[in-house]
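> Quick note on the UniProt record's numbering: the sequence shown kicks off at 1 and runs consecutively.
Even for Gly, the Cβ is constructed at its ideal location relative to N, Cα and C.
Bear in mind that the values here come from a model prediction, so they are computed numbers and not experimental data.
Dropping a structure here in structure tokens format, bear with me for questions.
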Amino acid sequence: MSIDRLLTTVLQQYQDIHDDARTEQLFGSTAVLLTNLANPLNLSLLTSQLLIAPAIWGRRDGMRTCYRIISIFNTAAIHVRRNELENAQNKAKLQQQKGNLGNVPQQQQQQQQQRAGSGLSANAWTAAVLKGADDQSGRWQHLLVFSGVLMGMEGNQRQSLSRGMRDTVERAVVTATNLAVRSRDPEPPAPSGPVALALNYAFPLLSDATRHGLDGDALVPVATRAMLGGDGLQDGLFLAGIDQDVRQAEQRFMWEEVSPSYLHLRQLEQRPLVAGLGPLSTLLAFAVSHARDAGVVHQLQDDLVAFTGRLLQHWQASKLSELDISEEKLFLTPETLDTTWQGLWNFLKKVMYAVVAVLHAVVARSLLDGRLMHHTVAPSVASQTLHALRNLYFVSSRNGSDAFQIYAFTYLTSLDILTRHGPAAAAFLRSILPSSSPSFAPSSSSGSLPQGTTTIPLHPLHRTLDLFYLNTAEHLPLHLPTPDCDALIIQPATAYLHPPSPIIPLSATMTQLFEAAHSAVLSVLSCPHNAPLTAPLVPFYADALFAAFPAHISPRQFRLAFKTLVQILSPPFAREWEQAGLADVLLEMVRFRVAGAGSVPLHLSPSSPSSPPPPASGPAAEEGEDLTEQSSLVLALIDTLPFLRADMFEEWMGLTAAAISDIVGERYREGVRRRFWEVLVSGEMDVERAAVALGWWGTRGGREAVLFGGGVPGSGFVRGGGDKGGEFMMSGALVEEGGRESKL
1 MSIDRLLTTV LQQYQDIHDD ARTEQLFGST AVLLTNLANP LNLSLLTSQL
51 LIAPAIWGRR DGMRTCYRII SIFNTAAIHV RRNELENAQN KAKLQQQKGN
101 LGNVPQQQQQ QQQQRAGSGL SANAWTAAVL KGADDQSGRW QHLLVFSGVL
151 MGMEGNQRQS LSRGMRDTVE RAVVTATNLA VRSRDPEPPA PSGPVALALN
201 YAFPLLSDAT RHGLDGDALV PVATRAMLGG DGLQDGLFLA GIDQDVRQAE
251 QRFMWEEVSP SYLHLRQLEQ RPLVAGLGPL STLLAFAVSH ARDAGVVHQL
301 QDDLVAFTGR LLQHWQASKL SELDISEEKL FLTPETLDTT WQGLWNFLKK
351 VMYAVVAVLH AVVARSLLDG RLMHHTVAPS VASQTLHALR NLYFVSSRNG
401 SDAFQIYAFT YLTSLDILTR HGPAAAAFLR SILPSSSPSF APSSSSGSLP
451 QGTTTIPLHP LHRTLDLFYL NTAEHLPLHL PTPDCDALII QPATAYLHPP
501 SPIIPLSATM TQLFEAAHSA VLSVLSCPHN APLTAPLVPF YADALFAAFP
551 AHISPRQFRL AFKTLVQILS PPFAREWEQA GLADVLLEMV RFRVAGAGSV
601 PLHLSPSSPS SPPPPASGPA AEEGEDLTEQ SSLVLALIDT LPFLRADMFE
651 EWMGLTAAAI SDIVGERYRE GVRRRFWEVL VSGEMDVERA AVALGWWGTR
701 GGREAVLFGG GVPGSGFVRG GGDKGGEFMM SGALVEEGGR ESKL
């Protein structure tokens, strides 16, 4: 069939609605015509009729039809450019043969002159197609055509168009987008899905200057609906149906790969907008950055908080949320664990990445936009961002999924904004406060930290949300009044300062929770305005700290907590001599515990991305080594040396040196010696203490005590070495018969 007859047939078939097979054939015929029509007027006519054809748009296939339109023009553009290059190559060969041979046989000349395709250049073909996008069809349909043409001509570094024609196509994309997204009564609004789909493909190909022509105010709500609505993530409903398909098999949960909910999830992943969540979030982030109306940014935040809240709600309603990550292999069948379970979390991580990318743009704009920086608006932006991150924490906390730069910037910047507004920070903590908080008031009449009325939640999801709460609360006490610090930080953290109930497994999440609780309490105690809490609370907290180590918190966390306690109880922080005396008591408790501590290596679990980093003064040497309980306790003593009072500094250098010799295992002692030496030379001490330490090391037996054992009392003589355990001393030395008096 000739091209002209095919064109007539196709135009006739456009007028009726056909079955699937006939429609597919019609799409194929249209692609052939777009590639081979030599008359630009016919190309324009075909494009115009395609965009209003009942056979195409009357079937209401939605996004599938839009995707096919983009695909047809993309494929046609690629073939047109390929044919143009082939024709140019054949023409060059013919000219070369004429120059070399003179007369070329006529038959061979006709074969080489036979053109491939329509013979139109890429510029001429593009201009003809653009003219076919007329007023008979919608602007959003024009955008589908323009995006397909731009992809086919300029995608993958093809550079098929001249500079001027490419600028024309790019401007056409921007103009069609702006006309489509702007509401113009009484015309119905353009469907958000097709607009976002077309722009998703075209946006990476637009120049920076052209991108700035996009109407961000109108594009933000359209892209948001496309991302979260029915054409995208369906408002999180894909999680709602999972629970119905989960059944028990051999005392385990089974979620089959052929279940309706998982098949729906797979189909959702294959949808164009969902498959392109990354580019779509980039497009939405760009629109947020360039929107002139701050109101659309606020509405976007509200939509994201509502969407993530629905995700959390649907997940909480599922019985699968009752599994801790450490229990999955026990309670899930191997088939579920390897297929559906893995597929679900991979999809949820993609969703989380897309949402965080958009929130990152919102937070970044709030730092530059004067309207969003206003003291009445900035706390709301930060709080809404943190609410969304909390709703997604059941995803982001899984296997370190939050360990990427955009998440860290979004989270920490929101906290920085919130810390500048104390009432807003307190209001945010109250809004996410664990449902049952303890009724805790520090009391010196008890020997242990009161547990109040709260207990550790049995539901793993609730514990995950508690972890987010404690990690967040840790950053906020500096600008909270003391009563709020007590009610909103100390009391919720109380439950996790004690060993867990035997019915709750000691998993990696529980370890993170214990460390987060200790960090939160320490952050409160470190604030100068919370001094009234320090004296009554420190004894109870210290008791809980010693009870938790090493079973429930890591050596790193114990050392950080102990060092912070001693620093708080030492000048210039301690305001009362009673508090200053507490530091000596704590040091004695650790020193006496060293002798009976375990010498078995502790298995160090990797730190969570959300847990606090190791102390800046932490040793480099032992990070890659195993630690024992003994060596960890001595390292804790060493870490406190730069903060001790001047009158007890030299004494505790000697006692710490003596404790090194109590460590069982030479390799553990060697790591502790390196840390001791690091404290002396790394600049952690102030000038006064460094001078005392230098004299102690060089002239008062410190070097021998650390390297060879024996200990050095603060008075300057060296013990040990005699046959009867006696003492070497200088002639005329005064001997203290009673020895050192314990502070315990």
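Hey, could you find the ends of the alpha helix (DSSP H) Ala657 is sitting in?
Stepping through the sequence shown from its first residue, residue 657 is reached at position 657. Element bounds for Ala657: Ala646 to Ile660.
> Can you tell me whether Ala427 is buried or exposed, with buried defined as 16 or more other CB within 10 angstroms of its CB?
Residue mapping note: residue 427 aligns to position 427 of the sequence shown, counting from 1. Flag for Ala427 reads exposed.
> Please classify Lys563 as buried or exposed, where buried requires at least 16 other C-beta atoms within 10 Å of its C-beta.
In the sequence shown, the residue the question calls residue 563 occupies position 563. It is buried - the Cβ of Lys563 has at least 16 other Cβ atoms within 10 Å.
> Within the same chain, show all residues whose beta-carbon is closer than 7 Å to that of Leu680, passing over the 5 residues directly before and after it, in chain order.
Translated into the one-based positions of the sequence shown, residue 680 becomes position 680. Taken in chain order, the residues that qualify are Ala693 and Trp697.
> If I measure Cβ to Cβ from Thr30 and keep anything under 8 Å in the same chain, skipping five residues before and after, which residues do I get?
Residue mapping note: residue 30 aligns to position 30 of the sequence shown, counting from 1. Once the five neighbours on either side are set aside, the close Cβ partners of Thr30 are Val10, Leu46, Leu50 and Ile72.
> Would the beta-carbon of Leu522 fall within 8 Å of that of Leu537?
The residue labelled residue 522 in the question sits at position 522 within the sequence shown. The residue labelled residue 537 in the question sits at position 537 within the sequence shown. No. Outside cutoff.
> For the segment 201–221 against the segment 172–183, are there 3 or more C-beta pairs whose distance is under 8 Å?
yes
> Excluding sequence positions up to five away, which residues of its chain have a Cβ less than 6 Å from the Cβ of Gln384?
Here residue 384 refers to the residue found at position 384 of the sequence shown. Once the five neighbours on either side are set aside, the close Cβ partners of Gln384 are Gln301 and Val305.
> Under 8 Å between C-beta atoms, does Ser207 make it to chain B?
This model lacks chain B altogether, as it is built from one protein chain only.
> Quick check on the burial criterion: 16 or more other C-beta atoms within 10 angstroms. Buried or exposed for Gly702?
Locating residue 702 in the sequence shown gives position 702, counting from the first residue. Buried is the call here.
> Given that a residue counts as buried once 16 or more other Cβ atoms are within 10 Å of its Cβ, and exposed if not, what is Thr376?
Taking the sequence shown and counting its residues from 1, one reaches residue 376 at position 376. Per the 10 Å Cβ criterion, exposed.
> Under a three-way DSSP split, which group does Phe546 fall into?
If you number the sequence shown from 1, residue 546 lands on position 546. The answer is helix: DSSP assigns Phe546 an H, G or I state.
> Three or more C-beta pairs closer than 8 Å, one from the segment 269–277 and one from the segment 344–356: is that the case here?
yes
> Going by beta-carbon coordinates alone, are Glu629 and Ala657 separated by less than 8 Å?
To locate residue 629, count along the sequence shown from 1; it is residue 629. To locate residue 657, count along the sequence shown from 1; it is residue 657. Contact: no.
> How would you call Arg420, buried or exposed, if buried means at least 16 neighbouring beta carbons within 10 angstroms?
Taking the first residue of the sequence shown as 1, we reach residue 420 at position 420. When all chains shown are included, Arg420 counts as exposed.
> Nearest by alpha-carbon distance to Arg59: which of Asn83, Asp16 and Ala38 is it?
As a first step, residue 59 is located in the sequence shown; it is residue number 59 there, counting from the start. Here the closest residue by C-alpha is Asp16.
> Looking at the secondary structure, which residues open and close the beta strand (DSSP E) in which Ala249 lies?
Counting from one through the sequence shown, the residue named residue 249 turns up at place 249. It spans Arg247 to Ala249 - the beta strand (DSSP E) in which Ala249 sits, taken as one unbroken run.
> On a CA-only basis, which of Phe307, Arg68, Phe394 and Ser599 is nearest Thr464? Give me that one, please.
Counting from one through the sequence shown, the residue named residue 464 turns up at place 464. Comparing C-alpha distances from Thr464 to each of Phe307, Arg68, Phe394 and Ser599 shows the shortest one belongs to Phe394.
> What are the start and end residues of each continuous beta strand (DSSP E) run of 3 or more residues lying completely inside the segment 477–503, in chain order?
Counting only runs of 3 or more, we get nothing.
> Taking just the CA atoms, how far does Leu655 sit from Leu637?
Position 637 of the sequence shown, counted from the first residue, corresponds to residue 637. Position 655 of the sequence shown, counted from the first residue, corresponds to residue 655. Each residue's alpha carbon lies about 9 Å from the other.
> Phe253 bridges to which residues according to DSSP?
Stepping through the sequence shown from its first residue, residue 253 is reached at position 253. The partner list for Phe253 (beta bridge, DSSP) reads Gln248 and Leu332.
> Excluding sequence positions up to five away, which residues of its chain have a Cβ less than 8 Å from the Cβ of Pro550?
To locate residue 550, count along the sequence shown from 1; it is residue 550. Counting only Cβ-Cβ distances below 8 Å, and skipping sequence neighbours, we find Phe558, Gly598, Leu602, Glu629 and Ser632.
> Which same chain residues, not among the five before or five after His314, have their C-beta less than 7 Å away from its C-beta?
The residue labelled residue 314 in the question sits at position 314 within the sequence shown. Cβ neighbours of His314 beyond the five flanking positions: Gly236, Leu239 and Ala240.
> Which residue wins for smallest C-alpha separation from Val220, given the options Ile242, Leu233 and Ser192?
Here residue 220 refers to the residue found at position 220 when the sequence shown is read from its first residue. Nearest Cα to Val220 within the set Ile242, Leu233 and Ser192: Ser192.
> Just mark Pro612 as buried or exposed, buried being the case when its beta carbon has 16 or more other beta carbons within 10 Å.
The residue given as residue 612 occupies position 612 in the sequence shown. With a pLDDT of 40 at Pro612, under the threshold of 50, the modelled position of this residue cannot be trusted, and the question is left open.
> If you follow the alpha helix (DSSP H) that Tyr668 is part of, which residue opens it and which one closes it?
Here residue 668 refers to the residue found at position 668 of the sequence shown. Secondary structure note for Tyr668: its alpha helix (DSSP H) is the uninterrupted segment Glu666 to Val681.
> Going by Cα to Cα distance, which pick from Met165, Asn156 and Glu187 is closest to Phe146?
Locating residue 146 in the sequence shown gives position 146, counting from the first residue. Measuring from the Cα of Phe146, the nearest candidate turns out to be Met165.
> Taking the C-alpha atoms as reference points, what is the distance between His142 and Leu199?
Locating residue 142 in the sequence shown gives position 142, where the first residue counts as 1. Locating residue 199 in the sequence shown gives position 199, where the first residue counts as 1. Near 12 Å, if we compare the C-alpha coordinates of Leu199 and His142.
> Going straight from the alpha carbon of His475 to that of Leu367, what length do you get?
As a first step, residue 475 must be located in the sequence shown, where it is residue number 475. As a first step, residue 367 must be located in the sequence shown, where it is residue number 367. Distance between the alpha carbons of His475 and Leu367 is about 19 Å.
> Hey, Ala223 and Ala287: beta-carbon distance below 8 Å or not?
Translated into the one-based positions of the sequence shown, residue 223 becomes position 223. Translated into the one-based positions of the sequence shown, residue 287 becomes position 287. In terms of Cβ geometry, Ala223 and Ala287 form a close pair [threshold 8 Å].
> Enumerated in chain order, which unbroken segments of the beta strand (DSSP E) with a length of 3 residues or greater are wholly contained in the segment 252–307?
252–254
> Near Ser321, what residues of its chain come up, given a Cβ to Cβ distance below 6 Å and the 5 sequence neighbours on each side ignored?
Residue 321 sits at position 321 when you count from the first residue of the sequence shown. Trp315 and Leu461, listed in sequence order.
> How far does the alpha helix (DSSP H) with Arg59 in it extend, from its first residue to its last?
Position 59 of the sequence shown, counting from 1, holds the residue named residue 59. Note, Arg59: premise wrong, no alpha helix (DSSP H); not H, not E.
> Whole beta strand (DSSP E) runs in the segment 354–391 with 3 or more residues, listed along the chain?
none
> Just to confirm my understanding: we take Thr472, look at its own chain, exclude 5 residues before and 5 after, and list those with CB closer than 6 Å. What are they?
Reading the sequence shown from its first residue, position 472 is the one you call residue 472. Closer than 6 Å at the Cβ level, and outside the excluded window around Thr472, lies no residue.
> Using the rule of at least 16 other Cβ atoms within 10 Å of the residue's Cβ for burial, across every protein chain shown, is Leu412 buried or exposed?
Translated into the one-based positions of the sequence shown, residue 412 becomes position 412. Answer is exposed; the Cβ neighbour count stays below 16.
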